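Undergrad: So that we are looking at the same thing, I have put the structure below in structure tokens.
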Amino acid sequence: MREISLLDRILLLVTGLLSAYQIAVGIEGLGSLAVTCYTIAFGVLLVAGLILIILGFEALESPLVVVVAALIPLSLSLGLISQYIPTYQVSYMVFAVLGFLAIVVTRYLTPGKTATIALALVHGTAGLVIFALPIVLSLQGKTRPGFFLVGIGGGLIGIGGLLLTFLRAGRTILSARMIYTLLPILLLMMTAAFVVGLAIA
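Its first residue numbered 829, the sequence shown is counted upward by one per residue in the numbering used here.
Dropping the structure here:
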């Protein structure tokens, strides 16, 4: 496994600062569920970045980190559904809760292929919501054009999640060293896209 470098730590620190900014500033005029979801997502992102800064990429091998990190796409996607398609928020909340429980159960009780499939399905669904919904809303003129940046962030989080998932499954198209090199950059770009996109929605 690649050792974490000073540049990696700087990128992760900037990511954490952006996450802390989003938590502190928040988004005015939203319902309590959306605010809670966004706060959880950026809070977990902040903590995950700090853990990587302190412990290095070895922390990604911990089942607990994998489980907690799943809260980022699940919370963000639920927040978007609650904010823009509230009629589906109950059904999507059920999916988010069941999906999170599936990740927890498979990660600890049936590690291996089953856990990887569960993680990929839940991450993939949540990532698709984060990617597609902001772009569709922007194209339809229901939000400011810059809101599409949230979709770009969703695409980046999806790429990062899939790279790590396939790495654990031993079927990745990139080397582990390359994935860990790209990860801090993806996290920073993703967070910046989310913060800017949500600010100008």
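We treat Cβ as the ideally placed atom computed from N, Cα and C, and that holds for glycine. Keep in mind that this is a model prediction, so the values were computed, not measured.
Go through the stretch 990-1029 residue by residue and report every complete run of the alpha helix (DSSP H) that reaches 4 residues or more, in order.
TA: Entirely contained in the stretch 990-1029, the alpha helix (DSSP H) runs reaching 4 residues are, in chain order, 1004-1027.
Undergrad: Run through DSSP, which three-state label would Ala-898 get?
TA: If DSSP states are grouped into helix, strand and coil, Ala-898 belongs with coil.
Undergrad: Identify, in the order they occur along the chain, each residue of the same chain with its Cβ nearer than 6 angstroms to the Cβ of Leu-904, setting aside the five sequence neighbours on each side.
TA: Here the set comprises Ala-869, Ile-958.
Undergrad: Use the C-beta contact count for Gly-986: other C-beta atoms within 10 angstroms, 16 or more gives buried, fewer gives exposed.
TA: Classification of Gly-986: buried, given that the 10 Å Cβ count is 16 or more.
Undergrad: Mapping the DSSP letters down to three states, classify Gln-968 as helix, strand or coil.
TA: Coil.
Undergrad: Taking all protein chains shown into account, do 16 or more other C-beta atoms lie within 10 angstroms of the C-beta of Tyr-916, making it buried, or fewer, making it exposed?
TA: Exposed.
Undergrad: Is it buried or exposed for Ile-980, if we count other Cβ within 10 angstroms and need 16 for buried?
TA: Buried is the call here.
Undergrad: Using a 10 Å radius around the Cβ and a threshold of 16 neighbouring Cβ atoms, would you call Ser-847 buried or exposed?
TA: Buried.
Undergrad: Starting from Ile-881, trace the alpha helix (DSSP H) both ways and give me its first and last residue.
TA: Here the alpha helix (DSSP H) through Ile-881 covers 860-883.
Undergrad: Quick check on the DSSP output: what are the complete alpha helix (DSSP H) runs of length 4 or more inside the stretch 896-951, in order along the chain?
TA: Runs found: 899-912, 917-937.
Undergrad: Looking at Tyr-866: is its Cβ nearer than 8 angstroms to the Cβ of Ile-879?
TA: Not closer than 8 angstroms, so no.
Undergrad: Taking DSSP as the reference, what is the three-state secondary structure of Gly-955?
TA: Of the three classes helix, strand and coil, the one that applies to Gly-955 here is helix, per DSSP.
Undergrad: In terms of residue numbering, what span does the alpha helix (DSSP H) encompassing Ala-848 cover?
TA: Residues 834-853.
Undergrad: Do the CB positions of Val-978 and Gly-1025 come within less than 8 angstroms of each other?
TA: Contact: yes.
Undergrad: Whole angstroms are fine: how far does the CA of Ile-1001 sit from the CA of Ile-851?
TA: Rounded to whole angstroms, Ile-851 to Ile-1001 spans 35 angstroms at the Cα level.
Undergrad: Buried or exposed: where does Met-1018 fall if 16 or more other Cβ atoms within 10 Å of its Cβ makes it buried?
TA: It counts as buried.
Undergrad: So, at 6 angstroms on beta carbons, what are the nonlocal neighbours of Arg-837 in its own chain, with the 5 sequence-adjacent residues on each side left out?
TA: The answer, listed in chain order, is Ile-881.
Undergrad: Whole angstroms are fine: how far does the CA of Leu-929 sit from the CA of Tyr-936?
TA: Whole-angstrom Cα-Cα distance: 11 angstroms.
Undergrad: Using 8 angstroms as the cut-off, can you tell me whether the stretch 989-996 makes contact with the stretch 938-948, which would need three or more C-beta pairs spanning the two stretches below that distance?
TA: Result yes; three or more Cβ-Cβ pairs closer than 8 angstroms.
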